[in-house]
Structure formats: C-alpha cells, structure tokens
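FYI, in numbering that gives the first Met the number 0 the residues of the sequence shown are 0 to 665.
Where is the CB? At the ideal position from N, CA and C, for every residue including glycine.
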Amino acid sequence: MSTIVPLAKTHVEERHDERLATAWIRTERAAAPAPAGRWLTHEGDPTHRFAAPDPEGPVLIMLGSSGSPAMAELVAHGRSGARVYALAPSWWEPTAVALKGCPRVLVRRVDEVPVSAVHTMHGARVWMGSTFGGATPWNLRLDDEQAAALRQLFLRAFWHDAIDEAWSGANPPRMRAAAARPFDVPSPSADAVVRLVEASTTLEVTRPEQRVHLDGGTPPDARLRRLWIPPSGAHHPKLARLVREGTTIVWDDLGLPDLATDGRSGAILLPGARDRLRIELSPPQAAELAARLDEPTAWAFGIDLRLGDHASKGTALWIDGAETARAIEPEQVIDLADIVVPELRDMDGALPKAWPPAHPLSLTARYRFTVCPPRVPAKAKEDPLLGRWRQVDEHWASRVQALEQALAAADDHRGQLASTFSRLVGALVGLGRTHGGLQSELSDLAAQRPSRAGPAEARDLLQRLVELDGGVSRLRSEQDDAEHEARVEDERARQEAAWNARVEQARRELPAKRAELDDAEARRTTLRGERDEAERALGASDGGKQVRKDLRARLRKHSDELDRLDRRIRKIGDELTACEQQANERFSFLPPPRSKPSPKGRGGRFVPTATAGSTITVPDEALPEVGTLMSLKGQRYLVIDTWEHLELGERAAQRLSARLRAPEDA
C-alpha cells in the first residue's frame, strides 16, 4: 500500500541562455610586472637619485605621507651634506634617529602637504597613490616646467604657510615657532602646470579619445576611449550607456590617482583633504600614461551578457545593485512554501502559482517544494452514521451470540434427552437434523456484518436472523414437547405400577384384617361378660371390706380393657374399610406439570431468550467502502490513508456528500 504523504517535488530551470543587462566581469590572469617607463615608474628605488647630490645645491623635500619614499630621499640627501628643506604635515614628528647625520636639514610643518616629492638641481619627481596619506607606489618624473612649478609651490608653502620648524644638528631636533620668512614668494599662477586646486575639483572629461582613470565617484557623462573606474553595483545604467556609445570600461587596482590622457595631453589629480595637486601632463608623459591605460585588465564592464558564456572557473561578476562580486553559481536551490491542494487527485500535478526569480548569477535554478494533501480538520469527529451502523452491528452480534448460545443449549438439551429417554432416540435424530440446518444458517449469518452489506442487504440479513430465531425457538419448543411427552409416559407407567402395587397389597392384607376384627370382637364379648359378672358380684357381696375392694378393682380392670379394645376395634374397622377401598380402587392417571425451559446452557451459562422481539433501525446510507467518515460543523470528511483507495474514496465521498481528505498527521 502506498501511504498518502506530502510529495517532495523539484523543478529545474536551465539558465545558460539567460542574459544579464549589465555586469562587471573579472577574469583570472597572471599578474604582469609594470614595465619601467621613462617618466612613470612603479615602486621605484627610494635611494635612486638622478645624479650625485650637490652639497651646495638645495634639495626640496615634500613629505606627503608617512610611508613615502620621500623620507628616504631626505635622509640620503641630508647625510650627503646637502642643504635640505623639508615640508612636512603638522602631524609629522622629527626624530634624532631619522635626522642623524643630516647636518643641514630645515623642516617646516604646515597643515597639509599635498604630495610626496623631491626637487633637486638635477630635476624633480613626485610619488603618487590612489588615496591621500596612503601608499604611493608610483613615481612620476617631472619635466623642467613641471619641476619649476613644483618648486614655486614648495617655496610658497614653505615660507608663507609654515606653523613651526626644526633644524637638524648634534642635538635632537625640537620644533619651535616658524621664523619670519626672509622674503616673499609669489603665489603660483592659476594655470601653472603643477598647482593646487580645491578638494572638490574633478577632471575635465570631454574628448572621446581620452583614457580616464578614476578611483571612485560618479562616472563621467561623455563618451571616452577607455574608462577606468572601480567595479561596484552602482551606476550600471550610466556605464551601460557609455558602453553602447563606444566607451571601453575596465579596471585594475593600479594604485594610480585620478588622471585623464588622450596620448598627447592630460592631467593627474592627486587626492587631498584640503586641496588637490593637479599636474598637467607633457606629451611624453601623456603618451606613456595612455599606453599604461591601454594594457589588459582583470575587470571589464559588459552589457547583454549570456550567462553561460561566463561560467568558467575564476570568473566573477558584479551585477547591478549587488554589494559584492561573486562567481556564477552552478546551481541555486530555492525552497518554496508548501502547497496544500484542495483535492487529493490534484497532488500529482500541483505547481506553485509562480516561480520566484532565481539569483541572476545562478546557472541552474532548482526549485524545491512540498505538495501537502488536504487534511481532515483537527477537531473533526466520527460521523454519527458510523455510530448508527455500529449499533446495528452490535445488535447483530448480540443476537447472533444469543442464537449461538441457544443452539448450544438445545444441543446440550438434546444430549440429555438422549441419555435420559431411550424412547426418544428416533425423534431426536430428526431434531438433530433440524439443529444442523439451523447451525449452518447461523454460521453463514455470523460471517456477515450488516454495516458491510449496506442498508438493503442489512435489512435482509436482519430478516433472516428473525426467521432463524423463529426456527431456533421452534426447535427448542419441539425438544421441550418431546421431553414433556416422554416424561408423561414415564409418569403414567410409574403411577400405574404404584396403583397395581397398592391394590395387590390391599387384597393380600384384607383377609387378615377381617380375621383380626373378628378376634377383637369375640374378645370384647368375653370381656363384657366378665365385667357384668363382676358388677353382679359386687352388688351381691356382703363380704368384708377387702373383698369389696378386690371386686371394685376387677371391675375397673375389665372396664379399662373394654375401652382399649373398643378403640382397637374401631381402628381395625377403619383399616379394613381402607383396605377394602384400596382393593377396589380404579386406576386414575395424574399428568405431571409442564416444566419451564431452563435459561441455562452448557456449563451453566445464561442463554438469552426471545431475541426476535428486539428491533433496530437500519440507516438509509451505507458506510464508505474505504476510509473513515468524519464530520465537523455539518460537513462530512472521508479520510483515506493510501493511494489505492483514491478511486473508491472519491465515489464514496460523492455518495455521502463528503470531502475526501488525508489523515490529520499525513
């Protein structure tokens, strides 16, 4: 049997041909060392200088960050004996160890140093990175115009903006208030090739041949040749528009600051808190940076991407709105809420009303859900129809049991009759055949159950039981009649034998009784004569006192003896009369009373009587062929627990106006 249980189902959707509107794509590639450039180098040697330091020539150092190679330049030039002027931020603290062996170093601190740089009589260079105060892995060599502009910027800040200062020497350096500047330094021109601009300044991006590198922020609006911008889940619609217009959008974390170049000109915009340093690129620098920005990258922004084309190992995608990049998931398992179907037959084909969308980066979506059968309500109780049929079955079983006991008692009774009355052997054989037929009919009925038969057949069964009950009653009556007749015949024989015995005995005793009466009467005559003689002697006596006393005594004796003899004669006369009556008695049979049937059966157990008189009402509806009929608030439920009962259950439920349901715990 297949038990009705919730069905666990799966639905698989292949998504290889699904298309992503936009996404950043990262592919694995071997990291290539940055090629050494003539103007731009990566992680340059901090101790390398353009030429041997000139002890007489001043060296200008700008310490823009704590880890900048410019500090090593300061130490190297300082220890060579050159005059070194260092511009440090306000948080920088000079130490004896750092400035040891540097006899001619003057450090002045300002609020903020916009760049790490060194300027000597041989040239200038700056160190750059993508964050203010962070790592500076790139070194840009400046041309003469840029070096002059940087020197002008340095001198203006060194002499006009200093807060305090410290000289190196034999003693540990100690910061003191900045001394008055020895001369005024003009402000750099607004169009200087190296200049400070406001912190909110951004690059001008207007030409389609430009390569633009941005460390963040909002993408530009103009079409470009190549746009470098960090990947994220933001700005995808704008980036998609740029791609459709012809812009290649890529990214690798080079550590460069914001810059733009078309290969002939361009600008670098270093990060800053108060100000940003802008460097206008020379054509050679612009060409070198353009070549750098044309190199292959790990990240590229794409549109209308087929999902299956990017499922290779090591590939990650960053889709619109996502917080991070992730690889394509070979399979996404989506657990859905259980589905409760209205009808049991609907379980096999039940599906969710809608499939929730899978994650955009799922190559296959596997939906898992459970179809639950409609269950009977928890508070449903047994339908009253079952109780009514149960009463019919109990009534049936009780009557069948009573008839079984009655037939068993009849069988016992018949056995007793056979052992008691030999004259009934022939009659009992016929009664035995009747008993066998009744027993066979009862066995057939005992195997039946009215609730299984249905209303019409149940009534027929009950009628058969009534008829069988009548047959059992007739059998018992016939056996009782046979027993009574046998007992009457036995009683007649007994009474007749007793009558014969009494008559014969009376006839034998009659002569003796008569002789005894004659003897008694003769004796009485003699005694009367003796008494009369004694009376006469007493009346005639004139003897003495003693003589008269003896005569009176004799008289009393004769009187007493006569009294006794009279009584005896009367008794003998009565006995003789009785004996004569007995001898002349006619035989008269007194039938015995009819005994009541005993309610005791085999083993002394009680045998019910008159079962045919009890009746019960048969319900008009048959029980369901399968399942259990229950109800709640006037609604019937037919509960089945196996699939093999489905078709029968559906027909039964329709007949009984019930809803077909699984058990509550299914």
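Helix, strand or coil at residue i [DSSP, three-state]
i: L659; result: strand
i: W137; result: strand
i: T40; result: strand
i: R493; result: helix
i: P236; result: helix
i: H434; result: helix
i: A349; result: coil
i: D334; result: strand
i: A452; result: helix
i: E488; result: helix
i: R374; result: strand
i: L474; result: helix
i: S630; result: strand
i: S439; result: helix
i: A146; result: helix
i: V428; result: helix
i: L637; result: strand
i: V617; result: coil
i: H365; result: Before going on, a small fix: residue 365 reads as Arg here, not His. Reduced to three states, the DSSP call for R365 is strand.
i: V340; result: coil
Distance, residue j Cα to residue i Cα
i: A134; j: R365; result: 46 Å
i: S231; j: R14; result: 24 Å
i: R78; j: P171; result: 15 Å
i: L464; j: R398; result: 8 Å
i: T616; j: L384; result: 12 Å
i: V196; j: A161; result: 19 Å
i: E381; j: L637; result: 10 Å
i: L105; j: W158; result: 12 Å
i: G168; j: R103; result: 7 Å
i: S540; j: R547; result: 7 Å
i: S199; j: P283; result: 28 Å
i: T314; j: G307; result: 12 Å
i: A233; j: G320; result: 6 Å
i: I571; j: E503; result: 19 Å
i: P376; j: W395; result: 33 Å
i: V9; j: T369; result: Correcting the residue type first, residue 9 is Thr in the shown sequence and not Val. Rounded to whole angstroms, T9 to T369 spans 9 Å at the Cα level.
i: A336; j: G265; result: 59 Å
i: L416; j: E620; result: 48 Å
i: M61; j: E294; result: 31 Å
i: H434; j: R635; result: 46 Å
i: A533; j: Q545; result: 15 Å
i: L427; j: Q462; result: 28 Å
i: G100; j: S67; result: 20 Å
i: E12; j: A221; result: 40 Å
i: G600; j: G453; result: Only weak support is given to the placement of G600: the predicted model assigns it a pLDDT of 48, under 50, and the value that follows is read from those uncertain coordinates. About 34 Å.
i: T524; j: D562; result: 12 Å
i: D303; j: I278; result: 38 Å
i: A123; j: S361; result: 53 Å
i: E488; j: R387; result: 52 Å
i: C371; j: P356; result: 23 Å
i: R107; j: A179; result: 12 Å
i: D468; j: D392; result: 17 Å
i: D640; j: R650; result: 16 Å
i: S594; j: A455; result: 41 Å
N-terminal and C-terminal residue of the alpha helix (DSSP H) that residue i is part of
i: L623; result: Residue 623 is actually Pro in this sequence, not Leu. Segment: none, P623 is in no alpha helix (DSSP H) and carries neither H nor E.
i: H644; result: Unbroken run through H644: none, as it is neither H nor E.
i: L19; result: Element bounds for L19: not the alpha helix (DSSP H) but the beta strand (DSSP E), 18-25.
i: L385; result: 383-419
Supposed contact pair residue j and residue i - C-beta distance, whole angstroms, cut 8 Å
i: T296; j: V249; result: 4 Å
i: L223; j: T260; result: Between T260 and L223 the Cβ distance is about 11 Å, and since that is not below 8 Å, they are no contact.
i: M629; j: A445; result: No, M629 and A445 are not in contact; Cβ-Cβ is about 30 Å, not under 8 Å.
Contact with chain C by residue i, beta-carbon distance below 8 Å
i: A146; result: No chain C is part of this structure, which consists of one protein chain only.
N- and C-terminal bounds of the beta strand (DSSP E) containing residue i
i: A324; result: Note, A324: premise wrong, no beta strand (DSSP E); not H, not E.
i: M127; result: 122-127
i: K8; result: 6-13
Open item on the list: Extract the residue ranges of the beta strand (DSSP E) inside the segment 149-231, only unbroken runs of 3 or more that lie entirely within it.
Closed with: The segment 149-231 is shown to contain whole beta strand (DSSP E) runs of 3 or more residues at 163-166, 193-197, 210-212, 225-227, in chain order.
- [ ] Quick one: which unbroken alpha helix (DSSP H) runs of 4-plus residues sit fully inside the segment 510-597? Chain order, please.
- [x] Taken in chain order, the whole alpha helix (DSSP H) runs of length 4 or more contained in the segment 510-597 are 544-582.
Open item on the list: Which complete beta strand (DSSP E) runs does the segment 60-120 hold, if anything under 3 residues is left out?
Closed with: Counting whole runs of 3 or more residues, the segment 60-120 contains the beta strand (DSSP E) stretches 83-88, 104-109, 115-119.
Task: In chain order, each alpha helix (DSSP H) run of at least 4 residues that lies wholly inside the segment 249-319 - done: You should have 282-292.
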